[in-house]
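Chains as they are written, first to last, in this note's numbering: chain A, 3 to 118; chain B, 2 to 115.
For each residue, glycine too, the CB sits at the ideal point set by N, CA and C.
Take a look at the structure below.
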Amino acid sequence: GAGVSQSPSNKVTEKGKDVELRCDPISGHTALYWYRQRLGQGLEFLIYFQGNSAPDKSGLPSDRFSAERTGESVSTLTIQRTQQEDSAVYLCASSPRVTAQNTEAFFGQGTRLTVV
Amino acid sequence: DAKTTQPNSMESNEEEPVHLPCNHSTISGTDYIHWYRQLPSQGPEYVIHGLTSNVNNRMASLAIAEDRKSSTLILHRATLRDAAVYYCILSGFITQGGSEKLVFGKGTKLTVNP
Chain A
3 GAGVSQSPSN KVTEKGKDVE LRCDPISGHT ALYWYRQRLG QGLEFLIYFQ GNSAPDKSGL
63 PSDRFSAERT GESVSTLTIQ RTQQEDSAVY LCASSPRVTA QNTEAFFGQG TRLTVV
Chain B
2 DAKTTQPNSM ESNEEEPVHL PCNHSTISGT DYIHWYRQLP SQGPEYVIHG LTSNVNNRMA
62 SLAIAEDRKS STLILHRATL RDAAVYYCIL SGFITQGGSE KLVFGKGTKL TVNP
């Protein structure tokens, strides 16, 4: 595939509903990141997957947020019981992460989540 | 996580060089210095990274201080398309079950005037 693909590009949901956001990384990339970016703000780290290592979940803001990754391919970010403060653009990135010298991350276009 | 400090905003004129500073006084020996930029309404894109020596690529140059406590991203001739938020990030490599994650700060918003 060409680049990191995220779906849906836009999602409007009602407060209290669960949502799933999908990320298809570049084939062969072992590292995968999720970020949240609220309007006019910087990127907020959420979670990081690297190969078969345990994911770094230190950025997840609450237990309503979870993420899974199937091997070194697709990842889903799930937000349960959505709140209005969850409204943001959710960005996914992947990286070859072959060596310490190469951590160039490629970002998708993001999923814009609006909770009404 | 190692921290970086950048000015909130900078302005430049088109076709002039731009020097974007970044301070990282707590950098460790294994931290790489990465720069990304985010154009309006887009995801971030990689610009350049380095460890100790200055680096050049088609987009920019990275000048790293001898003590590595600061660095400067240099755009040699700014264009309107270079208007973006520029992020300076430190990323280390932890061999024992740690993670090498990219943690973004607030960045510098660069305005390029025609």
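key: Assigned exposure category for residue 112/A - 16 Cβ within 10 Å defines buried   = buried
key: Buried or exposed (CB count within 10 angstroms, at least 16 for buried), residue 38/B   = Under this definition residue 38/B is a buried residue.
query = Taking only runs of the beta strand (DSSP E) that begin and end inside the region 25-92 of chain B, which ones reach a length of at least 3 residues, in chain order?
reply = 33-39, 46-51, 62-65, 71-76, 85-92
ask   = Alpha carbon to alpha carbon, how far is residue 97/B from residue 72/B?
value = Residue confidence is low: residue 97/B scores 43 on pLDDT, short of 50, so the model does not pin down where it sits. No coordinate-derived value is stated.
inquiry  = Nearest by alpha-carbon distance to residue 71/A: which of 24/A, 7/A, 19/A is it?
reply    = 24/A
query = chain B beta carbons: is any one of them nearer than 7 angstroms to that of residue 109/A?
reply = yes
inquiry  = With a threshold of 7 angstroms on Cβ separation, who are the neighbours of residue 93/A within its own chain once the five nearest residues in sequence on each side are excluded?
reply    = The residues are 37, 39, 45, 109, 110, 112.
query = Quick one: what does DSSP say residue 20/A is sitting in, helix, strand or coil?
reply = coil
ask   = Is any beta-carbon of chain B found at less than 7 angstroms from that of residue 120/A?
value = Summary: the structure shown does not reach residue 120/A, with chain A confined to residues 3 through 118, and so no result is reported for it.
Beta-carbon proximity list for residue 66/A, same chain, < 7 angstroms, skipping 5 on both sides = 81, 82, 83
task = Determine the DSSP secondary structure at residue 46/A, reduced to helix, strand or coil.
result = strand
ask   = In chain B, which residues lie with their C-beta within 8 angstroms of the C-beta of residue 35/A?
value = 102, 103
request  = Pull out every residue of the region 49-73 of chain A whose Cβ sits closer than 7 angstroms to any Cβ of chain B, in chain order.
outcome  = For the region 49-73 of chain A, residues whose beta-carbon sits nearer than 7 angstroms to a beta-carbon of chain B comprise 50, 52, 55, 58.
query = Of all Cβ atoms in chain A, is any one closer than 7 angstroms to the Cβ of residue 87/B?
reply = no
query = Using a Cβ-Cβ cut-off of 7 angstroms (strictly less than) and excluding sequence neighbours within five positions of residue 49/A, which residues of its own chain qualify?
reply = 36, 57, 58, 59, 61, 62, 69
query = If we cut at 7 angstroms on Cβ distances, does residue 106/A have a partner in chain B?
reply = yes
request  = Note down the Cα distance separating residue 32/B from residue 28/A, rounded to an integer number of angstroms.
outcome  = Between the alpha carbons of residue 32/B and residue 28/A lies a distance of about 25 angstroms.
task = Return the chain-ordered list of same chain residues with a C-beta closer than 7 angstroms to the C-beta of residue 15/B, the five sequence neighbours on each side being excluded.
result = Within its own chain, the residues whose Cβ lies closer than 7 angstroms to the Cβ of residue 15/B, once the five positions on either side in sequence are excluded, are 79, 80, 81, 113, 114, 115, listed in chain order.
message = For residue 33/A, tell me which candidate among 102/B, 19/B, 111/B, 110/B has the shortest Cα-Cα distance.
response = 102/B
message = Contact defined as beta carbons within less than 8 angstroms: I believe residue 20/A pairs with residue 76/A. What is the distance between those atoms, to the nearest angstrom?
response = The pair is not a contact, with the Cβ atoms about 18 angstroms apart (cut-off 8 angstroms).
query = Terminal residues of the continuous beta strand (DSSP E) containing residue 110/B?
reply = 109-114
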